[in-house]
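Scroll down for the structure; my scribbles are underneath it.
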Amino acid sequence: MLDSRTTDVNSLSGEQKALTDEEIMAQSLIFIFAGYETTSLSLSYLFYSLAIHPDVQLKLQKEIDSYLPDKATPTYDTLMQMEYLDMVIEETLRMYPPGGRIERVAKHNFDINGVTIPKGTVTMIPAYVMHMNPEIWTEPEEFRPERFSKENRASQEPYTFLPFGDGPRNCIGMRFALLSMKLAITVLLQNFNFRPCKDTLIPMEFSTQGFLQPKKPIVLHVISRTSEE
46 MLDSRTTDVN
56 SLSGEQKALT
66 DEEIMAQSLI
76 FIFAGYETTS
86 LSLSYLFYSL
96 AIHPDVQLKL
106 QKEIDSYLPD
116 KATPTYDTLM
126 QMEYLDMVIE
136 ETLRMYPPGG
146 RIERVAKHNF
156 DINGVTIPKG
166 TVTMIPAYVM
176 HMNPEIWTEP
186 EEFRPERFSK
196 ENRASQEPYT
206 FLPFGDGPRN
216 CIGMRFALLS
226 MKLAITVLLQ
236 NFNFRPCKDT
246 LIPMEFSTQG
256 FLQPKKPIVL
266 HVISRTSEE
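Note that our numbering has the sequence shown beginning at 46, numbered continuously upward.
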């Protein structure tokens with residue numbers, strides 16, 4: 046956005062094409078607020094999943110340690126290179142999508158399989174139901190990051206994984222949320238192990254209000270890695 050603004054200011058055509066300062070500020074705030082709630086909730090589910098699947102947690106820590114030895118500071122390039130980190134995040138978002146459903150308004154009358162959707166109708170896409178459909182995902186209730194390996198993603202049906210929606214109206218805070226998650230996960234797993242405790246709710250139970258939220262707060266035991274080495 047800032048590059049667009051700078052280019053427009055330096056343009057000799059006199060035609061304003063870029064965003065104004067006010068529009069840049071408004072868009073930036075949307076990125077932050079749209080990404081904040083989803084990041085917080087998704088991180089809670091991710092560390093819950095790692096706590097009850099210590100083998101996955103250990104494998105992810107080994108990847109992080111291999112890319113960032115001696116607790117090196119994460120960089121953008123490094124975060125983008127860690128494939129297993131992506132797989133763990135995507136499997137978490139499959140099982141616990143930030144929005145359990147996606148709503149869209151039909152812009153035109155549309156016929157699909159003999160059903161007419163009139164213009165202006167609000168249509169609902171049940172993302173959570175799709176993510177837990179055994180016809181799409183083998184044993185969908187199981188936490189398996191390998192579902193999102195490069196090989197498996199290549200054979201994945203389009204529009205069956207919709208944690209942030211898809212198309213031109215997908216979540217505006219998606220990239221900010223994912224980058225924030227990667228940074229938080231990396232730094233925390235460099236320093237801590239996550240374990241279930243007597244107050245950890247297993248299996249997970251959901252609230253029926255708002256985002257896909259746990260019925261009770263997620264409580265975990267957080268242990269310094271140095272104390273377990």
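The beta-carbon is built from N, C-alpha and C at its ideal position, and this holds for glycine as well.
Small disclaimer: the values here were computed from a predicted structure and weren't measured.
*asked:* Distance check for THR65 and SER56, CA to CA, integer angstroms please.
replied: Because SER56 carries a pLDDT of 49, less than 50, the predicted location of this residue cannot be relied on, and the following value inherits that uncertainty. The alpha-carbon atoms of SER56 and THR65 are separated by roughly 14 Å.
- Query: With respect to the beta strand (DSSP E) encompassing GLU148, which residues constitute its N-terminal and C-terminal limits?
  - Reply: Here the beta strand (DSSP E) through GLU148 covers 147-150.
- request: Report the residue from VAL267, TYR112, ILE263, ASN158 whose alpha carbon sits nearest the alpha carbon of PHE237.
  value: Residue VAL267 is the option with its Cα nearest to PHE237.
(Q) So, at 6 Å on beta carbons, what are the nonlocal neighbours of PRO185 in its own chain, with the 5 sequence-adjacent residues on each side left out? (A) Sequence-distant Cβ neighbours of PRO185 in its own chain, meaning closer than 6 Å and more than five residues away, are MET177, PRO179.
Q.
Between which two residues does the alpha helix (DSSP H) holding PRO203 run?
A. Here PRO203 belongs to no alpha helix (DSSP H), and DSSP marks it neither H nor E.
Considering only residues of the same chain and omitting the five flanking positions on each side of THR137, which have a CB-CB separation below 7 Å? If we look at THR137 and ignore the five residues flanking it on each side, its Cβ neighbours are SER87, TYR90, LEU91, SER94.
Which residue marks the beginning of the beta strand (DSSP E) containing MET169, and which one marks its end? It spans 167-170 - the beta strand (DSSP E) in which MET169 sits, taken as one unbroken run.
Out of ILE97, MET70, ILE109, which has the shortest C-alpha to C-alpha gap to LEU233?
The shortest C-alpha to C-alpha distance from LEU233 to any of ILE97, MET70, ILE109 is the one to ILE109.
Counting along the chain, where does the beta strand (DSSP E) carrying SER8 start and finish? There is no way to answer for residue 8, as the model of the chain reaches only from 46 to 274.
### Query
Below 9 Å between beta carbons: does that hold for GLN102 and TYR112?
No, the pair does not count as a contact, with Cβ atoms beyond the cut-off.
Item to complete: Flag this pair as yes or no: are the beta carbons of ILE147 and PHE155 separated by less than 9 Å?
Response: Not a contact, by the Cβ cut-off of 9 Å.
Query raised in the report: Are the beta-carbon atoms of GLY212 and PRO171 separated by less than 9 Å?
Result: Contact flag unset, no.
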